[in-house]
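Peer 1: In this note's numbering, the protein residues as written are 23 to 327. Structure in structure tokens, see below.
Structure representation (structure tokens):
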């Protein structure tokens, strides 16, 4: 399954949220003694229809998409109450994201194969839905926003190019579309990530480098050789950028993990166009980020022989 962590700043309770492959929600209360107590659980249909496709956590609310991208729900985490439930338009579900505006998180972005839709976080009601350009050939796989009044949908034509479409949050109007050549890239999801102030970072094993694109200002990729950081990708391994964005109304952290081989990670920083190595983590099993208030920490689980 997958996990998300929430901290109640008033009562100092910590809650761990787990979605499993068996269509079950398990919020656990972490006590001061370290024990985990089951607070509540919800079991959906015990079939593929009930599987949770995506989960987002914001404050006291958990947003889930299930039933193959057909059902979106908002849950209250303390008691497990259902805030709202809506049926989404048909279409292959791709990604889910939170969208902030004027320093508050207001919307949920739902990316499907042919459309991008914005829904109100408070009610689930649809704000707008727009068709994605050339969706018959472009595989849209990522959505990103950081409170600047726009939301990006990113798609790829495998081994050809990436398409970056910028939408106005208020009315869904397309305000910019950029196409960049990526003859080495097959997938965005599971490979690329958005770091710092809307900078797309993609590993390029063919040139042993990272390729970057500032979504706001650039129309061409910039290449940063890994050799300059004394790093290299594992042979035959699909490297992956692992960013963190603690607050949807702020930019992603400049720091991110790069997964170089099955047991090798590196903590990097991209700032003002410069990439630097903060820490190398060979022989590592898992990595993650956690944020409380303004402080973000990197958690690393090392391999032991």
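Heads up, the beta-carbon is just placed ideally off N, CA and C, and yes, glycines get one too. Values in this document were obtained by computation on a predicted structure and should not be read as measured data.
Give the straight-line distance between the Cα atoms of residue 259 and residue 207, rounded to the nearest whole angstrom.
Peer 2: Between residue 259 and residue 207, the C-alpha separation is close to 14 Å.
Peer 1: What is the rounded straight-line gap between the Cα of residue 214 and the Cα of residue 263?
Peer 2: Straight-line Cα distance between these residues: approximately 5 Å.
Peer 1: Please name the residue in 285, 272, 300 and 326 whose C-alpha comes closest to that of residue 126.
Peer 2: 272
Peer 1: Strictly by DSSP, which residues pair up with residue 190?
Peer 2: For residue 190, which the question treats as bridged, DSSP gives the partners 172.
Peer 1: With DSSP as the reference, label residue 253 as helix, strand or coil.
Peer 2: coil
Peer 1: Looking at the strands, I want to know which residues DSSP matches up with residue 281.
Peer 2: 262 and 287
Peer 1: Residue 151 to residue 210, Cα distance in whole Å?
Peer 2: Straight-line measurement puts the Cα of residue 210 at about 22 Å from the Cα of residue 151.
Peer 1: For the candidate residues 79, 135 and 235, whose alpha-carbon lies nearest to that of residue 160?
Peer 2: 135
Peer 1: What separation, rounded to the nearest whole angstrom, lies between the Cα atoms of residue 164 and residue 114?
Peer 2: 13 Å
Peer 1: Using a threshold of 8 Å, state whether the C-beta atoms of residue 187 and residue 196 are closer than that.
Peer 2: In contact: residue 187 and residue 196 (Cβ atoms closer than 8 Å).
Peer 1: Hey, out of 98, 80, 107 and 99, whose CA is closest to residue 88's CA?
Peer 2: 107
Peer 1: Could you check what DSSP says for residue 72 in three-state terms: helix, strand or coil?
Peer 2: helix
Peer 1: Mind checking residue 122: buried by the 16 CB within 10 Å criterion, or exposed?
Peer 2: buried
Peer 1: Would a C-beta distance cut-off of 8 Å place residue 174 and residue 167 closer than the cut-off?
Peer 2: yes
Peer 1: Would you kindly work out how many angstroms separate the C-alpha atoms of residue 301 and residue 111, rounded to a whole number?
Peer 2: 44 Å
Peer 1: Cα-Cα, which of 225, 172 and 286 is closest to residue 205?
Peer 2: 225
Peer 1: Is residue 218 closer than 8 Å to residue 312 when the C-beta atoms are compared?
Peer 2: no
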